[in-house]
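Trainee: Shown below is the structure under consideration.
Numbering (my numbering), first residue to last: 57 to 613.
Right, dumping it as structure tokens:
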């Protein structure tokens with residue numbers, strides 16, 4: 057079957073500007089293979105930091121924290137300590153998965169009425185109002201307290217050194233920084249941190265962030281306490297209050313991450329794991345449950361039949377995502393029912409293989425990011441995702457800090473009857489999701505894919521590429537992707553027109569024409585297809601893959 061897929065994909069081999077002796081024509085590189093440890097992140101300096109930590113005696117959890125700290129400096133367009141964090145950890149000692157939800161809530165004093173009193177009918181994308189409690193630093197502390205091996209303070213050495221002495225800015229980050237400057241250049245402190253020479257740094261330019269170095273030093277010495285109770289906390293509250301957000305020091309001080317049970321579905325013999333809401337991970341499981349009822353392998357990767365089926369399954373899952381996914385501490389979320397095989401069979405009856413649906417209703421009766429994964433010689437594996445939302449975040453940069461605060465509060469609904477309605481102390485619907493696959497109760501693949509609503513779509517496509525289309529770990533990420541937009545949203549928007557479909561260039565004109573005949577609206581969009589990293593364990597050997605659409609790197613030893 058793999059040979060047939062290869063022959064089929066050769067039909068559009070002319071689209072690719074390289075010739076590989078092995079593998080499928082769209083593969084950008086071979087998998088990285090290592091025996092003692094592996095790291096895959098969206099930036100080489102972060103990957104190398106993780107390997108440094110592993111070689112110095114640290115475990116995968118230590119290395120992931122260290123790599124994430126570096127990413128907050130070198131890739132501020134996707135993450136940072138002003139944002140939230142989620143993780144799935146395979147702990148070799150206990151032979152089980154652990155889930156961490158370190159997403160922060162809105163201020164206790166925040167409410168729908170408060171937002172309206174500020175003159176808004178909808179929570180704005182930027183400014184102080186959408187800022188929620190940043191959870192990333194508390195997430196690092198929680199991960200380290202439970203699983204860490206090296207002293208917490210030692211994990212920030214590389215990040216502090218690069219912040220003080222500088223690092224060369226990579227191509228994609230230079231592009232996103234320049235684009236962000238058009239939005240944020242007039243926001244307080246943005247220019248003094250990221251435009252010290254009058255413009256954002258260009259590719260290859262050495263960039264320093266000494267303020268972030270000082271913030272990291274305080275975090276390292278206090279196990280993160282300074283961020284929620286010390287001088288950094290005071291600066292966060294000061295700038296938020298000055299700009300209309302009622303967050304208080306008690307909002308920061310009282311925040312603690314939540315350890316949660318990962319949830320799963322079995323897809324053709326493989327257990328695919330996600331975290332439960334307030335994140336959107338179970339949408340990937342819902343998609344897979346529907347698709348398992350079809351012979352996707354027979355359809356073929358490059359078929360209009362498969363793309364059409366995938367999009368319709370996504371539409372169905374996203375209607376439930378819009379209605380039900382929210383903070384489970386405030387609403388009863390029917391997670392078990394939503395990811396059941398029986399429910400998938402009922403929803404599958406709504407799919408018309410000859411026509412694209414304009415709308416679906418939710419079933420039952422009742423939104424740039426970084427992703428990294430690390431594995432160590434002990435058998436521990438970490439799947440970690442972290443983000444500020446909307447790229448860099450809200451535009452709010454606390455004084456003397458060197459980082460920007462997230463704007464996740466934008467993802468609340470202003471409908472008081474919605475499960476995801478804005479309530480003080482509540483966590484908003486969240487887009488960032490880590491994933492994991494086990495086989496016969498043993499760790500198999502730690503993976504993730506960045507990019508707002510693309511994430512559950514991407515997770516499902518990675519699983520399908522690996523299992524149905526027999527791709528290797530790198531090919532599964534390099535394969536051209538499907539992206540459907542315009543579904544109903546947890547913020548209140550409703551799909552009435554079927555949304556629209558974008559396909560990467562690997563899909564042929566013939567397939568696009570067939571999809572148009574089925575009723576899909578196709579648009580050409582460059583970017584937005586996510587950023588993938590993964591580690592696979594087979595017979596005590598690690599395989600690593602890194603996203604060709606990013607600046608990243610997989611490395612092992």
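Just so it is clear, CB atoms sit at the ideal spot from N, CA and C, and this is done for glycine as well.
Please classify residue 460 as buried or exposed, where buried requires at least 16 other C-beta atoms within 10 Å of its C-beta.
Mentor: When all chains shown are included, residue 460 counts as buried.
Trainee: With DSSP run on the structure shown, which of helix, strand or coil describes residue 615?
Mentor: Because the chain spans 57 through 613 in this model, residue 615 falls outside it and cannot be assessed.
Trainee: Can at least three beta-carbon pairs, one atom from the region 532–542 and one from the region 498–517, be found at a separation below 8 angstroms?
Mentor: yes
Trainee: Reducing DSSP to helix, strand and coil, say where residue 109 ends up.
Mentor: helix
Trainee: Candidates 345, 571, 399: which alpha carbon is nearest residue 411's?
Mentor: 571
Trainee: Determine the direct distance from the alpha carbon of residue 329 to that of residue 292, and round the result to whole angstroms.
Mentor: Looking at the two C-alpha atoms, the distance is approximately 35 angstroms.
Trainee: Give the DSSP-derived three-state secondary structure of residue 559 in the structure shown.
Mentor: strand
Trainee: Rounded to whole angstroms, how far is the Cβ of residue 592 from the Cβ of residue 179, which I believe are closer than 8 angstroms?
Mentor: Not really, about 40 angstroms apart at Cβ, beyond 8 angstroms.
Trainee: So if DSSP puts residue 428 in a beta bridge, which residue, or which two residues, is it bridged to?
Mentor: For residue 428, which the question treats as bridged, DSSP gives the partners 440.
Trainee: Applying the 10 Å Cβ sphere with the 16-neighbour rule, what's the burial state of residue 371?
Mentor: buried
Trainee: Run through DSSP, which three-state label would residue 224 get?
Mentor: DSSP, read as helix, strand or coil, puts residue 224 in strand.
Trainee: Starting from residue 597, trace the beta strand (DSSP E) in both directions and tell me its first and last residue.
Mentor: 597–602
Trainee: Considering only residues of the same chain and omitting the five flanking positions on each side of residue 314, which have a CB-CB separation below 6 angstroms?
Mentor: 157
Trainee: Starting from residue 323, trace the beta strand (DSSP E) in both directions and tell me its first and last residue.
Mentor: 319–323
Trainee: Would you mind reading off the limits of the beta strand (DSSP E) that contains residue 271?
Mentor: From DSSP, residue 271 is part of no beta strand (DSSP E) but of the alpha helix (DSSP H) over 266–278.
Trainee: List the endpoints of the continuous alpha helix (DSSP H) containing residue 403.
Mentor: For residue 403, the enclosing alpha helix (DSSP H) covers residues 397–404.
Trainee: Just how far apart, CA to CA, sit residue 340 and residue 426?
Mentor: 18 angstroms
Trainee: Specify the secondary structure class of residue 141 as computed by DSSP and reduced to three states.
Mentor: strand
Trainee: Among the residues of its own chain, which have a CB less than 8 angstroms from the CB of residue 604, if the five just before and after it don't count?
Mentor: 84, 85, 533, 534
Trainee: Ignore the nearest five residues each way along the sequence and tell me which others in residue 122's own chain have a CB closer than 6 angstroms to its CB.
Mentor: For residue 122, same chain residues with a beta-carbon under 6 angstroms away, outside a window of 5 residues either side, are 105, 109, 211 in chain order.
Trainee: In chain order, what residues of the same chain have a beta carbon less than 6 angstroms from the beta carbon of residue 486, not counting five sequence neighbours either side?
Mentor: 159, 334, 335
Trainee: For residue 241, I'd like the list of residues in its chain whose CB is within less than 7 angstroms of its CB, leaving aside the five on either flank, ordered along the chain.
Mentor: If we look at residue 241 and ignore the five residues flanking it on each side, its Cβ neighbours are 247, 251.
Trainee: So the alpha helix (DSSP H) residue 417 belongs to, where does it begin and stop?
Mentor: That residue, residue 417, is in no alpha helix (DSSP H); it is neither H nor E in DSSP.
Trainee: In chain order, what residues of the same chain lie with their CB nearer than 6 angstroms to the CB of residue 545, ignoring the 5 residues before and after it?
Mentor: 378
Trainee: What is the DSSP secondary structure of residue 157, reduced to helix, strand or coil?
Mentor: strand
Trainee: Report buried or exposed for residue 115, applying the criterion of at least 16 other Cβ atoms within 10 angstroms of its Cβ.
Mentor: buried
Trainee: Who are the near neighbours of residue 272 in its chain, counting only those whose CB is closer than 6 angstroms to its CB and skipping five residues on each side?
Mentor: 212, 215, 216
Trainee: Three-state secondary structure (DSSP) at residue 263?
Mentor: strand
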